[in-house]
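>
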Amino acid sequence: MRNPLAVVPWRQAVVTVVGLPLVVTLAVLAYAWPAARIAPRHVPVGVVGTAAAARGAAEGLHRGAPGGFDVHRYPDQAAARSAIEHRDVYGAFVVGPGGVTVLQASAAGPSVAQLLDASGSRLAASAAAPAAVRTVDVVPVSAHDPRGLVFSSALLPLTICGVLVALVVTMSGAVMPGRRRLVALVTASAAGGLAALLVAQGFLGALPHEHAATWAGLALTVLAVAAPTAGLVTLVGRAGLGMGAVLMVFVGNPFSGSTSAPELLPTAVGDIGRWLPPGAGANLLRGTAYFGGSGSAGPLAVLAVWIVLGLAAVASGRPSPADLGDHLVAEGGGQALSRASLTVVPASEARVRRL
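According to the numbering used here, the stretch in the sequence shown is residues 137 to 491, in order.
1. Do you know how far the Cα of Ala228 is from the Cα of Tyr210?
2. Could you give the first and the last residue of the continuous alpha helix (DSSP H) run that contains Arg283?
3. What would DSSP say about Thr186, mapped onto helix, strand or coil?
4. Does DSSP put Tyr226 in a helix, a strand or coil?
5. Measuring straight from C-alpha to C-alpha, what distance separates Thr152 and Leu436?
6. Have a look at Ser242 and Ser218 and give me their C-alpha separation to the nearest angstrom.
7. Hey, would you say Gly235 sits closer than 9 Å to Val269, going by beta carbons?
8. If you count every other CB in all the chains shown that lies within 10 Å of the CB of Arg317, and 16 or more means buried, which is it?
9. Exposed or buried, which one is Gly155 when buried takes at least 16 other CB atoms within 10 Å?
10. Pairing CB atoms from the region 407-417 with CB atoms from the region 289-297, are three or more of them under 8 Å?
11. So His347 is in the alpha helix (DSSP H); what residue range does that whole segment cover?
12. Using the Cα positions of Ile220 and Val274, report the straight-line distance between them to the nearest angstrom.
13. Please name the residue or residues paired with Gly206 in a DSSP beta bridge.
14. Assign Arg270 to one of three DSSP states: helix, strand, or coil.
15. For Gly367, which option in Phe391, Ser289, Thr403, Val444 has the closest C-alpha, if you only look at C-alpha atoms?
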């Protein structure tokens, strides 16, 4: 008779040799492919100038990057600045006899700011007469984070923190009532957001504005990752943790556009990223940390939907059979050990009984 156990090592070897490299390949592809395809795709920008100058600027932008910009004309520089501050556009080009003035907002994304600088230089070079180029940063990033690296680098730890919160809460799901699990998710997410704020601002000085609102944004981002992941574990068991981790870490994070902008990613990638918690969280944090909350309604609604669905799944679900079985085994083992301890007697007493 064939021993079924002899097949197990071969199966494990196949999983190790084939499965793990496949996982690594997909993970690298998920992060590297969007980054390798960065290019402007309908980036909203403004133009200030006469009708002829605005038309020439729009045509010049289209020649430099076909389909790369959605151009909006503004009557004056003040209107363009207001549009930037309200996150209606990423920047604007003021075209006049004195040259080209590039209005940008590095807080909206350093990659977009660099793109606008390069586009402004091309517009000036294509002018009939030599034109000077001047750059004005309307909404700058913190002086302690001039390249915005702290902001963009913080999203991955926040996402991982959300998955870990879900892991810890669901590990105790068999013995923790549903209401306590909800409280644990919210409390742990708030603590994680506070820890991120203390590091990013208190230690690094990268988030200098609206501390309370920024803390709320950080906490909501963690909770929007933790709650759906915990909900998946509650509904489908331990496999839900892997499903949540893959969705949030290997799809949501690289598709978020936090290191660039959604309009610089492939269109489908940017659209998907906006609807996942990491992308919505990054968008919300930019609005709260630098733009006084402008443009935050949409991302906040996305996070709220994920949080409500996740918490509802956690509250309505029951512990999975595997978790409940582990709990019963542990409890039964403890009771057996307790009963066994009651029968233990000193060795001297045992000898007396035998006599």
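Virtual Cβ for every residue (Gly too), placed ideally from N, Cα, C.
Since we're looking at a predicted model, the values are computed, not measured.
Put simply:
1. 9 Å
2. It is not in any alpha helix (DSSP H) - Arg283 carries neither H nor E in the DSSP assignment.
3. coil
4. coil
5. 41 Å
6. 15 Å
7. yes
8. buried
9. exposed
10. yes
11. 347-372
12. 8 Å
13. In the sequence on display, residue 206 carries Asp and not Gly. Looking at the DSSP assignment, Asp206 forms a beta bridge with Pro180.
14. strand
15. Val444
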